[in-house]
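As numbered in this note's numbering, residues 917 to 1005 make up the sequence shown, in order. For every residue, glycine included, the Cβ atom is placed at its ideal position computed from N, Cα and C. Single-structure report; data block below.
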Amino acid sequence: MKTVWKYTLSTRESVRQIPIGAEFLSMGVQGDIICLWFLIPDTEAKKEQRVFEIFGTGQAIPSFGGLKFIGTMVSQNVEMVWHVFEVRA
């Protein structure tokens, strides 16, 4: 059975264990917490480590390859704009 799962990101670099085959759907904010939603095709699938990096507007982003843009979030309380990337090998 397919389901949608939510993962929260709380630090500049967040590592999450996500079932293999999960498909990124959307990014949003709940309060000031960055949330990612994934379509999980098999809730019993083995999990893989996925790494996400968060950068503020104007912050340096490493020039190494392998970053895939996920989305942008505007913080309501801190008046910051954050950009989320997934680190890909």
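Taking the Cβ atoms as the reference, I936 lies roughly 21 Å from E969, outside the contact range of under 8 Å.
Between H999 and R928, the alpha-carbon positions lie close to 10 Å from each other. Bridge pairing for P935: K963 [DSSP]. For I977, there is no enclosing beta strand (DSSP E), as DSSP gives it neither H nor E.
The DSSP-derived three-state label of Q992 is coil. With respect to the 9 Å criterion, I956 and V997 are not classified as neighbours on the basis of their beta carbons. One alpha carbon belongs to L925, the other to R966, and they sit about 12 Å apart.
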